[in-house]
Structures are given as structure tokens and as C-alpha cells.
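Let me begin by presenting the structure, written as C-alpha cells, before commenting on it.
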Amino acid sequence: MLKKAGLKLLLLLSVMALIAAACGGDDDDDASGDDATATETDDGGGEDSSDDDDGGGDTGGDDGGGDGGDDAASSGEPVAGGTLVYATNQSPRHLNGTVQSGLATAVPGTQVNASPLFFDENYEPQPYLAESWEIADDGLSVTLNLRDDAVFHDGEPITSEDVAFSILTSKENHPFSAMFAPVESVDSSDPLVAVINLSQPHPAILMAMTPGLLPIIPEHIFNDGQDIQAHPRNAGSDFVGSGPFQVVEYEEGERIVLERFDDFFIDGRPYLDEIIIDILPDPNSVILGIDNGDYDMAVSPSQAATQQFLDDDRFVVSSDGGDAIGQIDWLNLNLRTEELSSAEARQAISIAVDQAGWRDIVALGFSSQNITGVENASPFYNAGATNYEERDLDRAMELLAEAGLDGGFELDMPATAGMLPTAEFVKQNLEDIGVTVNIRQVPDFPTWAAEVAGGTYDITYTQVWNWGDPVIGVNRSYDCENRIDPPGVIWSNNSWYCNDEVDALLDEAAVTFDTEARAQLYFEATELINQDAPIVYLGKPEAFQIRTPAVQNPPVGIWGVMSPWTDVWLSE
Amino acid sequence: MTGIFVDQGAVDALGSDDREPSSGGPWRLFVRNRAAVFGLFLLIGILVMTFIVPIWYVKDPGDLVARPHLRPGAEGAPLLGTDNLGRDILAIIVYGGRTTLRVAAGAAVLIVFVGVTIGSLAGYYGGRVDAALMRFTEFFQVLPGLLFAIVVVALFEPSFWVITFAIGTIAWPGIARLTRAEFLRLKNLEFVKAARAIGATDFRIITRVILPNAMPTLIVSTTLIMGSAILFEAGLAFLGLADVNSASWGLAIGRGREFFTINWWAVTFPGLAIFFTVLGLSLVGDGLQDALNPRLRGR
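The listed protein sequences correspond, in order, to chains A and B.
Be aware that the first sequence starts at 1, since it is given in the numbering used here, and climbs by one per residue.
Be aware that the second sequence starts at 1001, since it is given in the numbering used here, and climbs by one per residue.
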């Protein structure tokens, strides 16, 4: 009898444990989501290292309130000193942003490295390392006049040779090859003047020389013949940078401690004495740490966290800043799949996917309408483009019939654990037009990336960043030449889309300086793309920052936290 | 239920049965055990819910029927509320039960088939065959169960067959050892010798003479194994290793846990479904134990 009772008790306990586990732990799924991010960044291809993704979105009323308070406070006189503790679950591979994209590297990277220029909230270039700059009338050269008082952390002056070295290193190594592809040479004969010679006009080059995209690294340290990708000085407490803060402690995957660089070239900056970047592998640790008051600032690791802290008076939760990142959530349709090779079929799918519903339900309302591949705050966003926001199932069925697919078909959809809510939502949407989506859960991010890059999928969910200028972040998804044969590259032209007319328009836009003329070209290109419907645009989420009210002048520029925190200060 | 007792005749015909005469048939013993009857009712209830109710409650458990996170009883909400995407939780429980029970039943069949085959061969032949098969069994026995299942499911893609296979692989050694023990006990008894003496083949002796006598023990542990198979399936699904194309109880819990602070019902009701199923199986298992092995009563 005892044994029996024991057995029952055991079973009872195990079920209870299951339920309890259900209530408490959140580890595994998120852990895998997390891995995704980590690997993404680790793999180097991961500009869209995006697990702060889901958080994004249209700023609610709460933000307004938070920001109001913020502004009021920041009207006080800045106070120098203090330590800012920043929490992240993104572990950088190293600090050398000339060879590595992504948030993980860019957050510490923009603190330890300066850039030639800086873009303000209105996308206007401002002086940073370069006091002034001019673009030749023919657009074939850009001249940067550097400050004469700028030095690296080891005391060596920052010269045009360093600028030349940084640009050419980036051109050869950075995943965004479009940034400096037209650069033919950099003339550094005058140590304070760098002349960038271009093979064609390249308006995106100014954006490409801002923090987050081009750090200036010391030529005298990195130009020693070693492979720059694996250079021993890319990370560590002996890192020599050009920015407002210098590295004093570097524990990979754990913490980075930065200290004010006293000889920084802007007088009286930075205000902060110290920045501690605490790297926590688990997003839940970030949430708990914020809740516990351990951190001054963090990027919200999930929508649930955003919601939680929006209701918490102790924190300012704001989606301001980071416009240039321009993340768009979308579904890639693989044009190599026979059923998806006709535009009608893709249009039908685009119509059947309930984009507004996705933003409302899956993104918890933290996402805004974004109907093209250009993000909706950009001057190049075509709000009037053909779109599939209206969910007209009869029309979708008609289109399928035109494509000869009214008998229905099946689509293979690889998804990581973090992508499941979207995948399930889309599966349900497409069932309504007789399309069966077979969700295939893949164990981790690299597996998913390999499948999508290699083209072994029919439909998939991803998030792609605009990176400030369409030349950098938009063209890559549509350019015929960017269809890279397997094993391929993730976030290249993974849909295998090709339209010569679109290519011609994008190429012309890339060399057009006049913003309006350029916008017109992008309007036309995105219109054509939308008619072909290789991609279903779901929405544009924004990353939320969670801060204590003590943080003044938070980094809310176009690059968000990927900007130098020179003006950040702490009130008490 | 009585089908499993049919072999009694064959056993009796061959002579000795090592059981004492009991006070009434197994069924009477079973119904005298109130807990077991309660368990049986639970199981019948679950079976009705998963296989009969759908006849009237025609739903697609994946349908987004209402706003997300509607609590039970809220306006426009289905009976048990909705989950994070606005799916009907009652539909998930009703239809998800099929997946869960199918995996559990599939795994149990696999476990019993492999376990009984290996156990009976080892027990019957003994010697080197026994040594080899038992080392093989031990190899699986020492693997940490859930961990091994996770590895198997993660290596392949989580589909019905992979999950069933993974659960089957980790749980068969218990049955194998149990079968072997029964065979060791039974193989030297008079009626087996008699069968051998009249020239029965090994196959016949194993399947027709010894196995029916080992059945009661095996039936009881099979019932309990189904319970743990359900827990395994739920555990795997909870960890994100489920076939996401078909609803299941574990999957529902796994999906819902992220939102538990704002949506307890999406986790609790599927959890209760698992709870009552496993409880029912365990009570019935105990009842069968008492009914089929009266000598064990009171132990």
C-alpha cells in the first residue's frame, strides 16, 4: 500500500512540477532564441542581430509620458562623473567595427571608436572626427578635413592615414560591401585631409562614415600584416581606439568596462566617468536585473519585458531613437519554389497574410505599418505603393486560380523556436486560401540561417535592417547580383528575386545625390517590387530602451544605443 | 478488458498456475478498488473528450477564433478562454489530446514490443545471449531519459514518428528487464518443462506458454508506461520539441508559459488534462496490479 501511495504521490508531483515549470521557467525557448542572437553576431553576417527585435514598435502613449519627464529633467545642467551600467544579452565577438557588423559590436564599438561624421535626428551630417567635408561637383571624390587635436588612446594622433586604412579595411572585410564598394583610393598625403576617390557618385558614403558603420581604427596597430578578421588587438583591455571611452576591462561574454578617455578631442566630454556593459546570456536575467535596479539602461529584450516595464514608474521606457536601424519584419517567399514562381501566387499569399493582425496580435501592437522594403521613417519610403494590407480572400483565391494553383499546395517553413508565433499565425492565415504551411522547427539560429541562405525553404520569417541608407540595407534583398549560390549568405537576396528594371532603378538611385530625385527612384523601384511581391512585409517594430530616470541625454539619435554616449550624464 | 485474460485457458490446459485461487475474478477484484474505478472513469472521460466530443465540437485547434488572452467567461471568449494568438483553448485540449494520446500509445507499443522481445529472449535462453542483450539494455538504461530524448528529437525534426521513437527508445529497458525476470522465474516451472517435453518449439514456448503467464505484470507496467510517455511527450513539447503542426497538450503549455503572468488559463487547463490522464492511468494500473496479482495485495 505504501508503495502504491508513493507511486501516486510521485506521479502527482511530477505533474505538479510540470505545471510549476510552466509557470516559472522561461529558459529553454528563450535560451535558444538567445543563442540565435549570439551566433548571429558571432557569425559575422549578423547585422540584423535582432533579438531586441520583438520589442519594437509604435510608441504608445506611455512613451510620450516617459519622454516628457525625461526632457524636463535633462533641462538641468549636465553633471560630469558617475558610472552607467548597461545590460545586454548580445555578446560581441570583438570591438573592431571595420570588419564586424551588428549591435553587439557597435554598442561598445561606438564608445571606444570615433567616426568621421555623425548624423543628427534629421539625418543631417554633423562634424565628428572631420571638422568639415565636401563632395566634389562631379560626385567622384569626398574630402574630409580632420581635427588636428584628435588622438588615439595610446596618444598617437589620428591622421588621414588612419581614415584611409579604416575605409579600405572596411571595404575589403565588412559584410556590407556596398558601403565602400565605389571607393577606388583614399589620398592621405596631407595628414589632416583625406580625399576619398570614387568610381561613381555615392551619396550613401556619408551615412557609411557614421558611428555604427565606420569606426576609425589605428593604422599603426592593425596594419601589421596579420589577418584583420582575427587580429589579436580586435578586443581586450589593450584595445586602442579613437573614441570617448577606453577599454579597461574586457571579459569576453561577461563584461566590458570602459573608462572616460581624458584626451578625447571634444572638450568636457564625455560626461560619464565609466560605463560597465554587463553581458548576460539570458534575456530573463536582463529583465530581472532591470527590475532589481541593477542597471541604468538596457534595450528591452522582449515584448513581454517592454509591456512589463511600461507599467513600472521606476523606469523610462522609450522607443525613441534608432530610426536608421530600420528593422522590418517580413516573410521571404522563395522564387525558386515552383508554386511561388508566379507573381499572382505571391500576391495571393501577400493578401492572405493578415499583416495588421500580425502587428496587433503577434507583435502585441508594438509594430507599425510598413508596406515596402524601405523603413517608414525614411525619406525614401513610398507610402502610396501597391500593398496587400487589405485581406481580401476572394481576390486571393482569384489570383491563385489565375496562377493555376486553386487546388492548393504546400509550403515548407523552417522556423526557430522564437519564430513560431509568427509561423503559426501565417500557417493559419494561409489555410484560408488552401495553402498548407508545414512549419519545420529547426534547432537553432545557424541551422535556420544555413537553410535560408542555401535556399532550402519555401517561405520564412525574418527581420532585416535598413542600416540608414537603402544602398546598404535595402538593395541587397532585391539585387539580381546578390543572389548568392548555395551555401549563400543570410540576408542577401534570399528570395532569389530578379527584375532588371528594379536593378536599374536601384543602381541609379545609388548614384543620385538629390534627395527628391533619389526618393522618386526608390518609389518606382519599391512599387515594381511590390507588384512582383517577393516579400510579404509585416511591419516595422522599434527597439525600446529601458532606462532609469537618472539617465539624461540618452542615446536616442538615429542609431540609438549604437551612438557615442558622449553627452549622456546621470542626475541624482 | 477481458481480452487480455483469455490466455488463462491455455495456461490452465498446460497445468500449473502459480497463482493462488482468488476470491472472484479479476474484474470483481478491480471494481472493488474504488481508486481504480475512479481512474477508469477518468480515462473514459478523457477518451470521450478526445474522440467523441469532436463529433459535435467541430473546430480547428489552430484557428484564431477571438482576441488573444481572453479569459474564460470573458465576452466573446470560448469556454476556456484563448491563448496568445487567440486560439480556443478548449479546442486545443480536445484535439490536442489526440496527438498526445497517439504519441503515448505509439510509444507504449514500441516499448512493449522491443522490451518484451529482448527481455524474453534474454530470459529464456540465458547465458551469452542474456549477457549480450542485457549489456545492450544497460547501455540504454544508463542514458538519462529526457536528455536522450531531447538529443534525438533535436537531431531530427520534431515529428510524430521521431517523438514516438525517442520516447520509445528511452523507456524500453525497464520492460525488458521486467520480462527477463518473469521469464527467469517461469522458465523452469513444471508446465514449461511439460511443454518442452511434448516437443514444443522455443518460439511456441516463449509466445504461448511463458508470455501469457508474464502478462499480468507486463500489462500493469505498460499502463504505467503510457502515463510516463504522456509526461515525456509533454516535457519535450514544453521544451519546444514538439510537432508544431499539430496541437498537443504539452505544446499548449510550452507556448503559454511565456505569457503565464497575464494568461494562466492557457497553461493551466492543458496541464490539468495531462494531470487527470496520468492520474487515471496510474490508478488503473494499480487496480490492475491488484486484480491480476492478488498475492501482491497489501504489499
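Glycine included, every Cβ here is placed at the ideal spot set by N, Cα and C.
Check                                                                                                                                                                                 : Outcome
Taking CB distances under 8 Å as the criterion, tell me whether glutamate 1075 of chain B reaches chain A.                                                                            : no
Out of A/Pro549, A/Gly557 and A/Asn553, which one is the CA nearest neighbour of aspartate 312 of chain A?                                                                            : A/Pro549
Is any beta-carbon of chain B found at less than 8 Å from that of arginine 440 of chain A?                                                                                            : yes
Counting pairs of Cβ atoms below 8 Å between the segment 1112-1120 of chain B and the segment 1206-1220 of chain B, do you hit three or more?                                         : yes
Smallest Cα separation from methionine 1215 of chain B: which of B/Ala1066, B/Asn1293 and B/Met1134?                                                                                  : B/Asn1293
Which residues in the same chain as alanine 343 of chain A place their Cβ atom closer than 8 Å to its Cβ, once the five residues preceding and following it in sequence are excluded? : Gln531, Asp532 and Ala533
Once you ignore the five residues that flank arginine 1180 of chain B on each side, which residues in its own chain have a CB closer than 6 Å to its CB?                              : Gly1119, Ala1122 and Gly1123
For the segment 1063-1074 of chain B, list every residue whose C-beta sits within 7 Å of some C-beta in chain A, in sequence order.                                                   : Asp1063, Leu1064 and Pro1068
Less than 8 Å separating the beta-carbons of leucine 1090 of chain B and leucine 1080 of chain B?                                                                                     : yes
Kindly indicate if chain B contains any beta-carbon less than 8 Å away from that of phenylalanine 445 of chain A.                                                                     : no
So, does the CB of asparagine 1293 of chain B fall closer than 8 Å to a CB anywhere in chain A?                                                                                       : no
Helix, strand or coil for proline 1026 of chain B? Go by DSSP, reduced to three states.                                                                                               : helix
Per the DSSP calculation, phenylalanine 118 of chain A is bridged to which residue(s)?                                                                                                : A/Gln126
When you compare the segment 241-255 of chain A with the segment 195-209 of chain A, are there three or more beta-carbon pairs, one atom per stretch, that lie closer than 8 Å?       : no
Is the beta carbon of glycine 1227 of chain B less than 8 Å from the beta carbon of leucine 1281 of chain B?                                                                          : yes
Please confirm whether alanine 1154 of chain B has its beta-carbon closer than 8 Å to some beta-carbon of chain A.                                                                    : yes
Which same chain residues, not among the five before or five after phenylalanine 265 of chain A, have their C-beta less than 6 Å away from its C-beta?                                : Arg147, Asp149 and Ala150
Exposed or buried, which one is tryptophan 358 of chain A when buried takes at least 16 other CB atoms within 10 Å?                                                                   : buried
Using a C-beta cutoff of 8 Å, does aspartate 35 of chain A count as contacting chain B?                                                                                               : Interpretation of aspartate 35 of chain A is limited by its pLDDT of 32, a score under 50 that renders its predicted location unreliable; the figure taken from the coordinates is listed afterwards. It does not: the Cβ of aspartate 35 of chain A has no partner Cβ on chain B nearer than 8 Å.
Checking contacts by CB at 8 Å: is phenylalanine 573 of chain A closer than that to chain B?                                                                                          : For residue 573 of chain A there is no data in the structure shown, the boundaries of chain A being 1 and 572.
Kindly indicate which residue of B/Asp1286, B/Leu1283, B/Ala1252 and B/Leu1288 has the alpha-carbon position closest to the one of alanine 1273 of chain B.                           : B/Ala1252
To the nearest whole angstrom, what separates the beta carbons of leucine 1279 of chain B and leucine 1042 of chain B, a pair I think is in contact under 8 Å?                        : 6 Å
So if DSSP puts proline 414 of chain A in a beta bridge, which residue, or which two residues, is it bridged to?                                                                      : A/Arg440
Look at the Cβ atom of valine 1172 of chain B, then the Cβ atom of glycine 1115 of chain B, and state whether they are nearer than 8 Å.                                               : A small correction: the amino acid at residue 1172 of chain B is tryptophan; valine does not occupy that position in the sequence shown. Yes, they are a contact pair.
Identify whether serine 368 of chain A lies in helix, strand or coil by the three-state DSSP scheme.                                                                                  : strand
Return the chain-ordered list of same chain residues with a C-beta closer than 6 Å to the C-beta of leucine 144 of chain A, the five sequence neighbours on each side being excluded. : Pro116, Ala130, Trp133 and Ala194
Under 8 Å between the Cβ atoms of glycine 241 of chain A and phenylalanine 152 of chain A?                                                                                            : yes
Taking 8 Å as the CB-CB cut-off, is asparagine 1300 of chain B touching chain A?                                                                                                      : Outside the shown range of chain B (1001 to 1299) lies residue 1300 of chain B, about which nothing can therefore be said.
Just to make sure I have the definition right: I need the residues of chain B whose C-beta is within less than 8 Å of the C-beta of alanine 626 of chain A. Which are they?           : The question about residue 626 of chain A has no answer, for chain A in this structure spans 1 to 572.
Against chain A, which members of the segment 1233-1267 of chain B pass a CB distance test of less than 9 Å?                                                                          : Ala1234, Gly1235, Phe1238, Leu1239, Gly1240, Leu1241, Ala1242, Asp1243, Val1244, Asn1245, Gly1250, Ile1253, Gly1254, Arg1255, Gly1256, Arg1257, Glu1258, Phe1259, Phe1260, Thr1261, Ile1262, Trp1264 and Val1267
Expressed to the nearest angstrom, what Euclidean distance is found between the alpha-carbon atoms of proline 1026 of chain B and aspartate 1286 of chain B?                          : 13 Å
Give the range of the alpha helix (DSSP H) segment to which tryptophan 1265 of chain B is assigned.                                                                                   : 1265-1292
Where does arginine 255 of chain A fall in DSSP's three states?                                                                                                                       : strand
Using a beta-carbon distance below 8 Å, is leucine 393 of chain A in contact with chain B?                                                                                            : no
Spatial neighbours of phenylalanine 1276 of chain B within its chain, please: C-beta separation below 7 Å, excluding the five flanking residues on both sides.                        : Leu1042 and Ile1046
Taking Cβ positions only, does glutamate 390 of chain A come closer than 8 Å to chain B?                                                                                              : no
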